[in-house]
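Quick note: the sequence shown uses the UniProt record's numbering, first residue 1, plus one each step.
Positions of the beta carbon are idealized from the N, C-alpha and C atoms, including for glycine.
Accompanying notes for the structure given below.
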Amino acid sequence: MFDETLQILLEEVDGHHSSRFGLDSTGNELALISMEPSRSSFTIAGGPTLSNGHSSGFKSNQYPGSSLSSGLKDTDDGFDAYNTVRKGEKRGLAGLQNLGNTCFMNSALQCLVHTPPLVEYFLKDYSDEINTENPLGMHGELALAFGELLRKLWSSGQTAIAPRVFKGKLARFAPQFSGYNQHDSQELLAFLLDGLHEDLNRVKEKPYIELKDADGRPDEVVAAESWKNHKARNDSVIVDVCQGQYKSTLVCPVCNKISITFDPFMYLSLPLPSTITRTMTVTVFYGDGSGLPMPYTVSVLKNGFCKDLLLALRTACCLKTDENLLLAEVYENKIYRYLEMPLEPLASIKDDEHIVAFRIQKKGMEKTKLVIFHRWQEKKELFGTPLITYLGQDQPSGADIETAVSKVLSPFKRMHSSAKAHIGKGSDFLSDGLDELCSSSDAQSIENAEFEGALSTHLSLRLLLTDDRVMNFKAFKKDTLFEPGKILSVVMDWTDKEQGLYDASYLKDIPEVHKAGFAAKKTRQEAISLSSCLDAFLVEEPLGPDDMWYCPRCKEHRQAVKKLDLWMLPEIIVFHLKRFTYGRYLKNKIDTFVNFPIHNLDLSKYVKNKDGQSYVYELYAISNHYGGLGGGHYTAYAKLIDENRWYHFDDGHVSPVNESDIKTSAAYLLFYKRVNESKMEIGESSYSHSTS
1 MFDETLQILL
11 EEVDGHHSSR
21 FGLDSTGNEL
31 ALISMEPSRS
41 SFTIAGGPTL
51 SNGHSSGFKS
61 NQYPGSSLSS
71 GLKDTDDGFD
81 AYNTVRKGEK
91 RGLAGLQNLG
101 NTCFMNSALQ
111 CLVHTPPLVE
121 YFLKDYSDEI
131 NTENPLGMHG
141 ELALAFGELL
151 RKLWSSGQTA
161 IAPRVFKGKL
171 ARFAPQFSGY
181 NQHDSQELLA
191 FLLDGLHEDL
201 NRVKEKPYIE
211 LKDADGRPDE
221 VVAAESWKNH
231 KARNDSVIVD
241 VCQGQYKSTL
251 VCPVCNKISI
261 TFDPFMYLSL
271 PLPSTITRTM
281 TVTVFYGDGS
291 GLPMPYTVSV
301 LKNGFCKDLL
311 LALRTACCLK
321 TDENLLLAEV
331 YENKIYRYLE
341 MPLEPLASIK
351 DDEHIVAFRI
361 QKKGMEKTKL
371 VIFHRWQEKK
381 ELFGTPLITY
391 LGQDQPSGAD
401 IETAVSKVLS
411 PFKRMHSSAK
421 AHIGKGSDFL
431 SDGLDELCSS
441 SDAQSIENAE
451 FEGALSTHLS
461 LRLLLTDDRV
471 MNFKAFKKDT
481 LFEPGKILSV
491 VMDWTDKEQG
501 LYDASYLKDI
511 PEVHKAGFAA
521 KKTRQEAISL
531 SSCLDAFLVE
541 EPLGPDDMWY
551 CPRCKEHRQA
561 VKKLDLWMLP
571 EIIVFHLKRF
581 TYGRYLKNKI
591 DTFVNFPIHN
601 LDLSKYVKNK
611 DGQSYVYELY
621 AISNHYGGLG
631 GGHYTAYAKL
641 IDENRWYHFD
651 DGHVSPVNES
661 DIKTSAAYLL
671 FYKRVNESKM
681 EIGESSYSHS
691 TS
């Protein structure tokens, strides 16, 4: 009880004291101006875009009294960062005590303090780079607190350290992390990387830079210019080590205006494919009567477009080069709508709807469309799926319609002698009340007419002509000619006799777009790889209605299509697996196992800037989350590079772990380091020699 009370008092005292003073490494007090919490000057890929700020123009003031290479003491835990290392003693294996639901912080910290370039940096004298006057930073206090904690963790011994001083600084500058509630390790990591950058920013006075439009210039030129402008305002070890650059392309859906920008990123938030894809079942019919219908189930992006569904179907049904697919929704045995717009959102198609596609010859699609409905003659009720074909004649006749219907129905014939074709004479009649049988897309107006003649199986045909104006009823015969380009609809009456000749089961009971149960179970069993998560992150997608883009050509906000591409990758790359999903009424955690490589992660194919650099990475740390949303427990795996061995950091408990055991469904943050990299001085970037 005494220790718990002391723990709380220490944090409160430290937080109150640091609002007026900062302590340097020797315990000297610094008078500091009280400032607001840091705001990021970076765009976080896959995360929020945070605002830039401008320096107030203070001159550099080297951290006074700093002598980080001298004995660094902290009375809170009594550790000396520069204890003499005895022979055989290991460093970097100290745990962090849980101060009360601080496992999220401990997990993220262990990953960072085992990041090789950051270890090298903070174990040296970095005092010259402490920026106490950056209005976007924390006057160097956060960087100093982190540096001190890293030094203690890398001192000899394995006694767990209580990170009270660090948490006090964190709570002061980021009130959301005050108290002892559980938080997200990724949110802490994002704040900490940004805060360390601002505290260590070598730029003391940020210049004003007017951004230029790409204006058709080569990507290489625009990217280098953007990075140079970024480095003119943001120059720290965090930028050197942890920041990359991506290319963002926006396309206006109305005027096709293309906007290209290059932005820095600190980490990549990757969606899990199971959260952004859906399986859709579409029944494909042959418009020329060359085969029976077949259902195909394909995987597409939830926020994709009809063009994506068509592309997946083309592959699934092995569509020929001279064929197109006509996509339609069937409702109450009629064509409810045609899905002809490539950018029609797939979100408009519900799981319980029935979607069909018709294989149509490209050369015939500019001709007259013929829609064939099916009706039980006795009940006067429609049934089954309408069939669609195109009439190849420039001016089709009644005989052409009869021939086309007979051809489209031919695959449904039952294989016995009574199904042999013969043409019979049909009696003339007027169709009664068929106006309502066609959908709004086919029936803005209807002309009922009489068809003389019948199919090979004596099926009765009633013809409906659709046009954009009301027309009078009139009879027609086989030699009746129709204007090209019209949508013609035939309603066929079926009796028990016809059912014996044709198998109508193929026309009925087509599957829904998605049937819950089987498909969902199959999806959970499918393996998800890190590369599939990257593919999902880089896929083209429309902006949300609350995130529309202002088109400079249209002079209006548009729901543009956005595409991200990786342009330059940093030495350290962090992947955030988006396991937590938030809906309007539902929050959920996804425990799907993501298979990620430990060695030789080759990202070369994802990098658009072919600069000859190696983009092969090795895993060195993992932040894990166990349990459900809003609670659970965080741990970390980290690799000691020098001894090539993995360890499990569970708050204050540290134990060795086999490399084969670190890949679990709890992996949340993945830390990779680039290998085979030429030695570069701290502060250099891949543009160091190409820009000035």
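query	result
How about the stretch 229 to 246 and the stretch 270 to 288: do they share at least three Cβ pairs that are nearer than 8 Å?	no
To the nearest angstrom, how far is the alpha carbon of T277 from that of K302?	5 Å
Provide the residue span of the alpha helix (DSSP H) that contains I238, from first to last.	237 to 242
For A454, name the three-state secondary structure that DSSP assigns.	Its pLDDT being 39, under 50, A454 is placed unreliably by the model, and nothing is read from it.
Grab me the residues of Y392's own chain with a C-beta within less than 7 Å of its C-beta, minus the 5 sequence neighbours each way, in chain order.	According to the sequence displayed, residue 392 carries Gly and not Tyr. Same-chain partners within the cutoff: G364, K367.
Identify whether F596 lies in helix, strand or coil by the three-state DSSP scheme.	coil
Given this structure, state the Cα-to-Cα distance separating E344 from F305, to the nearest angstrom.	5 Å
Can you have a look at L188 and say buried or exposed, based on whether 16 or more other CB atoms are within 10 angstroms of its CB?	buried
Any idea what DSSP makes of P116, helix, strand or coil?	helix
Taking only runs of the beta strand (DSSP E) that begin and end inside the stretch 222 to 273, which ones reach a length of at least 3 residues, in chain order?	244 to 251, 258 to 265, 268 to 271
Less than 8 Å between C-beta atoms, sequence neighbours within five positions excluded: which residues of the same chain meet that for I528?	L272, P273, S274, T592, F593, V594, N595
Let me confirm a value: T321 is counted as buried when at least 16 other C-beta atoms fall within 10 Å, else exposed. Which label applies?	exposed
Between the beta-carbon of L153 and the beta-carbon of G92, is there less than 8 Å?	yes
Nearest CA to the CA of S489: which residue from I372, S665, A536?	I372
How big is the Cα-Cα spacing for D442 and G291?	For D442, the pLDDT reaches just 40, beneath the cut-off of 50, and the residue's location in the model is therefore unreliable, although a value from the coordinates is still provided. When rounded, the distance between both Cα atoms is 25 Å.
Compute the Euclidean distance between the alpha carbons of W549 and D184, then round it to the nearest angstrom.	30 Å
Below 7 Å CB to CB, which residues in the same chain sit around G627 once its five sequence neighbours on both sides are set aside?	H633
Relative to the C-alpha of D288, which candidate in F580, K608, I572, I388 has its C-alpha closest?	I388
Sort out for me which residues DSSP pairs M341 with in a bridge.	In the DSSP output, where bridge partners are listed per residue, M341 has none listed.
At what residues does the alpha helix (DSSP H) containing R314 begin and finish?	306 to 316
Taking the CB atoms as reference points, tell me whether Y565 and K515 lie closer together than 8 Å.	A small fix is needed here, since residue 565 is Asp in this sequence, not Tyr. Result no, Cβ atoms of D565 and K515 do not sit closer than 8 Å.
What three-state label does DSSP hand residue 694 in the structure shown?	Because residue 694 is not part of the residues shown, which for the chain are 1 to 692, the question remains open.
Under a three-way DSSP split, which group does residue 722 fall into?	The chain is shown only over 1 to 692; residue 722 falls outside these bounds and no answer can be derived.
Within 8 Å (strictly less), CB to CB, does K663 reach chain C?	In the structure shown, chain C cannot be found, because there is only a single protein chain.
Closest by CA to R674, which one among S107, V574, D547, D215?	V574
Could you say if the stretch 655 to 671 and the stretch 635 to 646 meet the contact criterion of at least three C-beta pairs nearer than 8 Å?	yes
Residues in its own chain within less than 8 Å of N181 by CB, not counting five upstream and five downstream?	N101
Taking only three categories from DSSP, how would you classify G46?	Residue placement at G46 is flagged as unreliable, the pLDDT there being 42, under the threshold of 50; a coordinate-derived value is accordingly withheld.
Under the three-state reduction of DSSP, which class applies to C554: helix, strand or coil?	coil
Quick test of your reading: S107 and N624, contact by CB under 8 Å. State the CB separation rounded to the nearest angstrom.	7 Å
Please classify D184: does DSSP put it in a helix, a strand, or coil?	coil
Report yes or no: do three or more beta-carbon pairs, one from the stretch 257 to 265 and one from the stretch 211 to 222, lie closer than 8 Å?	yes
Residues in the same chain with beta-carbon distance under 6 Å from G27, minus the five sequence neighbours each way, listed in chain order, please.	Because the pLDDT of G27 is 34, which lies under 50, any placement of that residue in the model is unreliable, and the number read from its coordinates should be weighed accordingly. So no residue of the chain qualifies.
For the alpha helix (DSSP H) containing residue 720, list its first residue and its last residue.	The chain is shown only over 1 to 692; residue 720 falls outside these bounds and no answer can be derived.
Residues in the same chain with beta-carbon distance under 8 Å from E378, minus the five sequence neighbours each way, listed in chain order, please.	T495
If I'm right that W567 touches Q245 with Cβ under 8 Å, what's the distance once you round it to whole angstroms?	5 Å
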